[in-house]
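Below: one structure, written as structure tokens.
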Amino acid sequence: MKDVMTTVVKSALLRAGLMGLALLMTGCASGPAANRHDPLEPFNRGVFQFNDGLDRAVIKPVATAYRDVLPSPIRTGVGNFFNNLQDAWSFVNNALQLKAEYAGNSLVRFGVNSVFDLAGVLDIATEMQIERHTKDFGHTLGYWGISPGPYLVLPLLGPSTLRDTAGLVVDQQGNLLSGVAHIPTRNSATALKLVDRRAQLLQASAMLDQVALDPYTFTRDAFLQRRQSSIYDGNPPDEADEVPVITDNPAP
Amino acid sequence: MMCPFKEIDMKRRFFAQWLSATTFGALFFAAMPVLAADEAPDALMDRLTKEALDTIASDKGVQAGDVGRIITLMDEKIMPYVNFQRMTSSAVGPAWRQATPAQRKLLESEFKTLLVRTYAGSMSQAKNLSFNIKPLRAAVGDKEVIVRTVITGRGDPVQLDYRLEKTPGVGAGWKIYNLNVLGVWLVDTYRSQFAQEINARGLDGLIATLTERNKANAAAAAKPAKG
């Protein structure tokens with residue numbers, strides 16, 4: 369219990385310090401290109417660059433090696449194992465959002481996968497066609513009407529918003545991995561999870577390099593849309609077409 | 003004495019014939035626009051998705067990731083149902099009004115190459131896919147609708163939505179003008195990037211950036227084929 373409390377306090381302090389840093393290091397972005405969802409753009413770009421550098425130097429090579437060395441069924445098993453832990457937390461958040469069916473699905477998934485297979489490695493629940501509805505605490509806050517606030521790029525963790533960063537602190541408590549008392553085990557598991565997730569994204573990130581004119585802007589705009597959409601389970605309410613139709617004839 | 007009934011009978015027979023002929027004619031003419039009339043937007047997307055998945059499953063070139071082949075197929079099967087000019091102008095934004103016809107043509111073709119190449123890349127990784135289309139929520143007179151589909155394969159299902167517009171005129175059909183992958187609208191995602199580029203280097207700068215990017219992508223795609 370004490371351990372948990374220390375972690376809470378530590379991560380809260382970290383977040384608070386981060387926010388303070390963010391406010392100190394930046395004024396507000398202004399000018400014609402400023403995005404209303406991204407007032408901290410100069411700071412965010414700094415962190416984005418830092419993350420990108422770290423990714424290119426360390427994380428991506430490790431993830432690539434991981435992908436190339438381990439056979440695909442093992443990697444699938446690792447991914448399933450972490451997904452299973454996540455399902456337990458999704459159950460809590462779906463329940464907090466009063467989504468009975470999704471909560472039921474998450475609970476049954478976690479139950480079936482934990483009991484009938486090797487800690488979720490085989491992911492029998494997916495074979496049984498029980499849908500996965502991943503939800504974190506940021507989703508829950510969003511569901512109850514808390515707006516995302518400014519876009520925020522977190523060191524190591526990547527794109528987020530002020531609301532979702534606050535949610536992360538709670539997620540940390542719901543993360544079954546943080547319940548592991550043996551610290552080296554917990555750290556190795558966390559590192560493995562990170563590498564596994566990164567390896568799953570190798571193709572997507574290669575694609576990002578191809579399609580994005582500015583990876584920072586592309587990531588931001590895609591992330592914010594995706595987040596909004598997933599809070600509303602694919603049907604965001606204000607999905608009016610924001611893009612105006614441009615119909616003028618060509619200039620002479 | 004003529005039987006009055008006979009006259010009535012003849013009149014009646016004539017009337018019946020006329021009626022059936024007219025009905026037939028009316029039906030025939032009514033049927034013409036029905037035949038040529040628009041396929042409902044959800045039916046259209048159902049057909050296009052089915053065709054695309056069948057092609058992915060059966061075409062050796064697509065499976066091998068042959069980008070040229072995929073581009074040809076997309077041009078042939080999908081592009082007739084896409085209003086690509088609207089996609090481009092929306093992504094470019096107000097600056098589109100200042101663009102010359104030549105600039106517009108270049109913007110359209112470079113943007114198209116960028117997108118098609120990207121999707122061609124992801125298509126070669128698609129295997130054993132199935133899909134379903136969610137019930138269309140639209141009123142009868144709607145000129146713009148959203149068709150929602152879900153693609154299922156290995157892993158989590160992928161949400162794929164389309165915005166379609168009714169082309170003015172009977173029988174002109176529906177055309178796609180925006181695409182949503184996993185909750186992200188494509189055109190919206192390019193708007194800020196294009197605006198950034200236009201603010202910094204103007205329309206020609208944007209065209210140059212797109213052209214360079216396409217050249218780099220083509221070179222990168224050609225490399226593994228050689229080695």
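Top to bottom, those sequences are chains A and B. Throughout the first sequence, residue numbering follows our numbering, covering 369 to 620 in sequence. Throughout the second sequence, residue numbering follows our numbering, covering 3 to 229 in sequence. We put the beta carbon where it would ideally sit given N, CA and C, even for glycine.
Three-state class that DSSP yields for B:E236 in the structure shown: Past the boundaries of the shown model lies residue 236 of chain B; chain B is included only from 3 to 229, so the question cannot be answered.
A:E409 classed as buried or exposed, judged by whether at least 16 other C-beta atoms fall within 10 angstroms: A:E409 should be labelled buried.
CA nearest to the CA of B:I73, picked from B:K52, B:W98, B:T115: The option with the nearest alpha carbon to B:I73 is B:T115.
Spatial distance of A:D406 from A:T585 (CA atoms): Roughly 10 Å separates the two Cα atoms.
B:S186 in three-state terms, based on DSSP: Looking at the sequence shown, residue 186 of chain B is not Ser but Val. Three-state DSSP puts B:V186 in a strand.
CB-CB length for A:R588 against A:Y519, believed under 8 Å: About 6 Å separates the two Cβ atoms, so the contact holds.
Buried or exposed (CB count within 10 angstroms, at least 16 for buried), A:S597: Using a 10 angstroms sphere on the CB of A:S597, the tally of other CB atoms reaches 16 or more, which defines it as buried.
C-beta contact flag for A:V446 and A:D577 at 8 Å: Not in contact: A:V446 and A:D577 (Cβ atoms no closer than 8 Å).
Among B:G207, B:A54, B:Q195, B:T211, nearest to A:N673 - alpha-carbon criterion: With chain A covering only 369 through 620, there is no way to say anything about residue 673 of chain A.
Short CB-CB distance (under 8 Å) between B:W176 and chain A: By this cut-off, B:W176 is not an interface position.
CA-to-CA distance, A:M496 to A:P441, given in whole angstroms: For A:P441 and A:M496, the distance between alpha carbons rounds to 19 Å.
Under 8 Å between C-beta atoms of B:Y164 and B:A93: B:Y164 places its beta carbon 8 Å or farther from that of B:A93.
Top-ranked residue by Cα proximity to A:D455, from A:L569, A:S482, A:A431, A:R531: Ranked by Cα distance from A:D455, the first of A:L569, A:S482, A:A431, A:R531 is A:S482.
Interface partners of B:G185 on chain A, CB under 7 Å: Within 7 Å Cβ-Cβ: Q593, R594, S597, S598, G602.
Closest by C-alpha distance to A:H501, when choosing among A:V579, A:T444, A:A559, A:N451: When the alpha-carbon of A:H501 is set against those of A:V579, A:T444, A:A559, A:N451, the nearest one is in A:N451.
Neighbour list for B:Q161 in chain A, Cβ cutoff strictly below 9 Å: The CB of B:Q161 comes closer than 9 Å to the CB of S597, G602 in chain A, given here in chain order.
Counted within 10 angstroms of its Cβ, other Cβ atoms place A:N543 as buried (16 or more) or exposed: Around the Cβ of A:N543, a 10 Å sphere holds 16 or more other Cβ atoms; the residue is buried.
CB contact below 8 Å: A:Q454 versus chain B: Not closer than 8 Å to any Cβ of chain B, the Cβ of A:Q454 fails to qualify, so no.
The segment 405 to 437 of chain A: positions lying closer than 8 Å to chain B by Cβ: Residues: none.
Near-chain A residues of the segment 39 to 62 of chain B - C-beta to any C-beta below 7 Å: Going along the segment 39 to 62 of chain B in chain order, one finds no residue with a Cβ nearer than 7 Å to chain A.
Residue burial classification, B:F113 (beta-carbon count within 10 angstroms, cutoff 16): Buried.
Chain A residues whose Cβ lies nearer than 7 Å to that of B:M130: Residue 130 of chain B is actually Asn in this sequence, not Met. B:N130 does not reach chain A, its nearest Cβ partner there being about 14 Å away, counting only Cβ pairs nearer than 7 Å.
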